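Have a look at the structure below before the remarks.
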Amino acid sequence: VQEIDVTIDGADEIDPELRLIKGGGGALLREKVVASASRKMVVIADSSKQVPQLGKFPLPVEVIAFAETVIRKKIAALGASVKLRQYAYGNPFTTDEGHHILDCSFGEIADPPALARELKTMPGVVEHGLFIDLATVALIGKGDQVVELRRDSKAQNHEGH
3 VQEIDVTIDG ADEIDPELRL IKGGGGALLR EKVVASASRK MVVIADSSKQ VPQLGKFPLP
63 VEVIAFAETV IRKKIAALGA SVKLRQYAYG NPFTTDEGHH ILDCSFGEIA DPPALARELK
123 TMPGVVEHGL FIDLATVALI GKGDQVVELR RDSKAQNHEG H
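Quick note: the sequence shown uses this note's numbering, first residue 3, plus one each step.
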């Protein structure tokens, strides 16, 4: 597949500019590949995922196992608390591609695009869970309403949907 018309997916966090944190389930690399190949990305989430600023949810960073210790130190130097994602029995969580995930708690991320660029320059980082300029529409469930957000910041209410 070279191009996808529409991708419909969830998010761990979504800000007013439709920037996302994704990857809580561990498939962030594949999710980003699909989103990048899509003409339109629709995000469906409940209101608990809508935040004024990204960073309440830990940012997943997918790394090659060999670089895990070095990358952990570099990300910690950026001000994050970094934890290796592990299975309940203690072994490192492994992605479908055989990589590890570092869950990075930054607190509020003041400049998501700058952080995304910084992380991508670190040798050993495969991908990160910041989805910048990929989502085109978000449908946010709030009680019995659905609020539609578009990247152009127009919001529309759809009662009863």
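For every residue, glycine included, the Cβ atom is placed at its ideal position computed from N, Cα and C. Just so we're clear, the structure is a prediction, and the values are computed from it rather than from any experiment.
For R119, three-class secondary structure by DSSP | Here R119 sits in helix by DSSP.
Answer yes or no: do D11 and K51 have a C-beta to C-beta separation smaller than 8 angstroms?
-> Not closer than 8 angstroms, so no.
Quick one, are the C-beta atoms of P62 and D105 less than 8 angstroms apart?
-> In contact: P62 and D105 (Cβ atoms closer than 8 angstroms).
Nearest to L132 (by Cα), restricted to the options Y91, P115, L141 and M124 = Its Cα nearest to that of L132, the residue P115 stands out among Y91, P115, L141 and M124.
Boundaries (first-last residue) of the alpha helix (DSSP H) holding A78 = A78 -> alpha helix (DSSP H) spans E70 to A79.
List the DSSP bridge partners of R87.
-> Per DSSP, none; premise fails for R87.
Identify which residue in R21, H130 and V45 has its Cα closest to the Cα of A140.
-> Of R21, H130 and V45, the smallest CA-CA separation from A140 is found for V45.
Identify the continuous alpha helix (DSSP H) that holds S38 and give its terminal residues.
-> Secondary structure note for S38: its alpha helix (DSSP H) is the uninterrupted segment L30 to S38.
Would DSSP call A67 helix, strand or coil?
-> A67 falls in the helix class under three-state DSSP.
Going by other Cβ atoms of all chains shown within 10 Å of its Cβ, with 16 needed for buried, is K34 buried or exposed?
-> That one is buried.
Given V127, which residues of its chain have a CB within under 8 angstroms of its CB, disregarding the five upstream and five downstream residues?
-> V63, E64, V65, A69, I73 and L121, listed in sequence order.
DSSP three-state call for K51: helix, strand or coil?
-> K51 carries a helical assignment under DSSP once its states are collapsed to helix, strand and coil.
Excluding the 5 residues preceding and the 5 following I77 in the sequence, name in chain order all residues of the same chain whose CB lies nearer than 7 angstroms to its CB.
-> Result list for I77: V63, V84, L104 and C106, in chain order.
Got a sec: is the Cβ-Cβ distance from V84 to anything in chain C below 8 angstroms?
-> Of the chains in the structure shown, none is chain C; there is only one protein chain.
For P18, which three-state DSSP category applies?
-> If DSSP states are grouped into helix, strand and coil, P18 belongs with coil.
Residue range of the beta strand (DSSP E) that G92 falls in?
-> Per DSSP, G92 belongs to no beta strand (DSSP E) and is neither H nor E.
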